[in-house]
Amino acid sequence: MKKISNLRRVTASSLAVLLVGGLMATTPAKAADPITLTMWTRSVTAVQSQDMVNAYNLANKGKVEIKLTVVPFAEYLAKVSAAAAANNLPDILAANVIDGPNYTRSGLWLNIDSRIKKLPYRGELAAGHMASALYNRRYYAVPHVVDASSIYYNKVLFEKAGLDPNKPPTSLNEMASMAAKISALGDGVNGLYFPGNCGGCLAFTLFPSIWAQGQRVLNINGNGSYLGTAKAKAVFNVYNKMWKAGTMAAGSKNEAGATQNAVFESGKAGFALLGSKALGTIKESDKLKIGLVALSGPDGGTSTFVGGDTIGISATSKNADAAWNFLQWTLEEKQQIDIYASKNFMTSRRDLANNKFALADPRMVLLNKLLATGQSPYANRFFQTFNDANGPWILFVREAIFGNGVSPQLLAKLNASLAG
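Residue numbers (my numbering): 15 to 434.
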């Protein structure tokens, strides 16, 4: 009986263990709380950023959620600076590609060099963007949005003005001549709509016409300019003549960039100087069929300003692994093709440039070719000089185009700003 009692005790104990073990095995573990990431982006790249975030959140529902904040582009650097001072940056932080060097030097981004080196396509990432994210031979960001400036023209107005829509201008002087013919149509139609009160827009679209002549805009250190040279003056002179002749829309003088796409989309302008992003956002209609041609110098040549955004992980983020997962996900082929290329946005990887969507559209083929010879200028004080609404560039360029030409006094102030 004693043995039986012992056996009963052992069996009972074993059963208890099995029951408890069984309960433990069948009781579902509490699901981990989803990770919330914060992200900031500039308003000028909001469409691409929102599309990527929406797709990522959907694919990672219940695991990770990114909360995107879109900041007006003119206020972006001030907001970032204030947040950095208060140690309150978001997990994921985008930047205008020209501001990348300032972010790296200021320690705003986390060093992600080792992560980038593990990407099998790292050598295909947009070169200009990667250069702006390099500091002390370490990478701190990856390409987010690639943009390239060019001349947009309305094929509908070309035909009405007796111009061949398949023969766009190959020089600024030729564009001015064609714009005059379009402006002569009347009925509120203008030859050119121009962002005359947007410093960043004007640098983005005027610099290439200087580069197209083989002339640098900034010196190699970015602390001085060549905007007083004969080749630079020749560019300003073309637009100055268009303004005085009435070929340029009157609203151009006060256009700060926010509505320039809408005016071109309305079918009331023959030409507009825009970035490649506009091709994915401006809708064609019976009043507008979009043609693209490279920005040129007064007498020929071509170039483009390679702009857009880079994106990195804030140095203070507590969710670096999750943030990196998003960054590398955006660079994968499926997202680059399905979210960017399918909507006429340029890819962030050179090996994906000749995708089926791009090859089916000659305009995208042109833009991708321009990237090979385009430039992304560097200056430590680029924003303060060229992008600031109250900076010296906007005063200088407005006088050059809407006033009496290049002012030595305003040029001196611009160069002083670059020199710091």
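Even glycine gets a Cβ: it sits at the ideal position worked out from N, Cα and C.
With a Cβ-Cβ cutoff of 7 Å, do P48 and K93 count as a contact?
As a first step, residue 48 must be located in the sequence shown, where it is residue number 34. As a first step, residue 93 must be located in the sequence shown, where it is residue number 79. Taking 7 Å as the Cβ cut-off, P48 and K93 do not qualify as a contacting pair.
Does the ligand MN have even one heavy atom less than 6 Å from the beta-carbon of L287?
This structure lacks the ligand MN, and indeed carries no ligand of any kind.
Between the beta-carbon of N169 and the beta-carbon of P179, is there less than 7 Å?
Counting from 1 along the sequence shown, the entry for residue 169 is found at position 155. Counting from 1 along the sequence shown, the entry for residue 179 is found at position 165. First, the residue type needs correcting, since residue 169 is Lys and not Asn in the sequence shown. Yes, the pair counts as a contact, with Cβ atoms nearer than the cut-off.
Hey, which unbroken runs of the alpha helix (DSSP H) at 4 residues or more fall wholly within the stretch 41-103?
Taking only runs of at least 4 residues, the alpha helix (DSSP H) segments lying wholly in the stretch 41-103 are 60-73, 90-99.
Alpha helix (DSSP H) runs wholly inside the stretch 108-191, at least 4 long, in chain order
Within the stretch 108-191, the complete alpha helix (DSSP H) segments of 4 residues or longer fall at 114-119, 127-130, 141-146, 169-174, listed in chain order.
DSSP-derived helix/strand/coil call for L241:
Here the question's residue 241 lines up with position 227 in the sequence shown. Residue state, collapsed to three classes: coil.
May I have a chain-ordered list of the beta strand (DSSP E) segments no shorter than 3 residues that lie completely inside the stretch 226-303?
The DSSP assignment places 283-289 as complete runs of the beta strand (DSSP E) inside the stretch 226-303, in order along the chain (cut-off: 3 residues).
Per-residue burial, M38 [other beta carbons within 10 Å of its own, 16 or more giving buried]
Within the sequence shown, numbered from 1, the residue matching residue 38 stands at position 24. Annotation note: pLDDT 41 at M38 (below 50); position unreliable, coordinate value reported separately. Per the 10 Å Cβ criterion, exposed.
DSSP on R363, reduced to helix/strand/coil?
Taking the sequence shown and counting its residues from 1, one reaches residue 363 at position 349. In the structure shown, R363 sits in a strand (DSSP, three-state: E or B).
Expressed to the nearest angstrom, what Euclidean distance is found between the alpha-carbon atoms of G137 and D105?
Counted from its first residue, the sequence shown places residue 137 at position 123. Counted from its first residue, the sequence shown places residue 105 at position 91. Roughly 25 Å between the two C-alpha positions.
Residues sharing a beta bridge with L206, DSSP
Within the sequence shown, the letter at position 192 stands for residue 206. Secondary-structure assignment with DSSP links L206 through a beta bridge to M262, F285.
Would you tell me roughly how many angstroms separate the C-alpha atoms of L103 and A97, rounded to the nearest one?
Looking up residue 103 in the sequence shown gives position 89. Looking up residue 97 in the sequence shown gives position 83. Linking L103 to A97 through their CA atoms gives a straight-line distance of about 5 Å.
Inter-residue spacing [alpha-carbon to alpha-carbon] between R440 and V379:
In this structure the chain extends from 15 to 434, so residue 440 is not present and cannot be described.
Using a threshold of 7 Å, state whether the C-beta atoms of A194 and G202 are closer than that.
If you number the sequence shown from 1, residue 194 lands on position 180. If you number the sequence shown from 1, residue 202 lands on position 188. Contact flag unset, no.
Strictly by DSSP, which residues pair up with T324?
Along the sequence shown, one-based indexing puts residue 324 at 310. T324 is bridged to A109, P157.
Please determine if the stretch 289-309 and the stretch 132-152 are in contact, where contact requires at least 3 C-beta pairs separated by less than 8 Å.
Of all C-beta pairs linking the stretch 289-309 to the stretch 132-152, fewer than three are shorter than 8 Å, placing the two stretches out of contact.
Closer than 8 Å by C-beta to Q229: which residues in its own chain qualify, once you throw out the five before and the five after it? Chain order, please.
One-based indexing of the sequence shown puts residue 229 at position 215. Cβ neighbours of Q229 beyond the five flanking positions: Y240, T243, K245, A246.
Compute the Euclidean distance between the alpha carbons of N275 and A46, then round it to the nearest angstrom.
Residue numbering aside, residue 275 sits at position 261 when the sequence shown is read from its first letter. Residue numbering aside, residue 46 sits at position 32 when the sequence shown is read from its first letter. Going by C-alpha positions, N275 is about 45 Å away from A46.
Helix, strand or coil for N420, going by three-state DSSP, please let me know.
Looking up residue 420 in the sequence shown gives position 406. This sequence places Val at residue 420; Asn is not what is there. V420 falls in the coil class under three-state DSSP.
For L380, the first and last residue of its enclosing alpha helix (DSSP H):
Here residue 380 refers to the residue found at position 366 when the sequence shown is read from its first residue. Here the alpha helix (DSSP H) through L380 covers 376-385.
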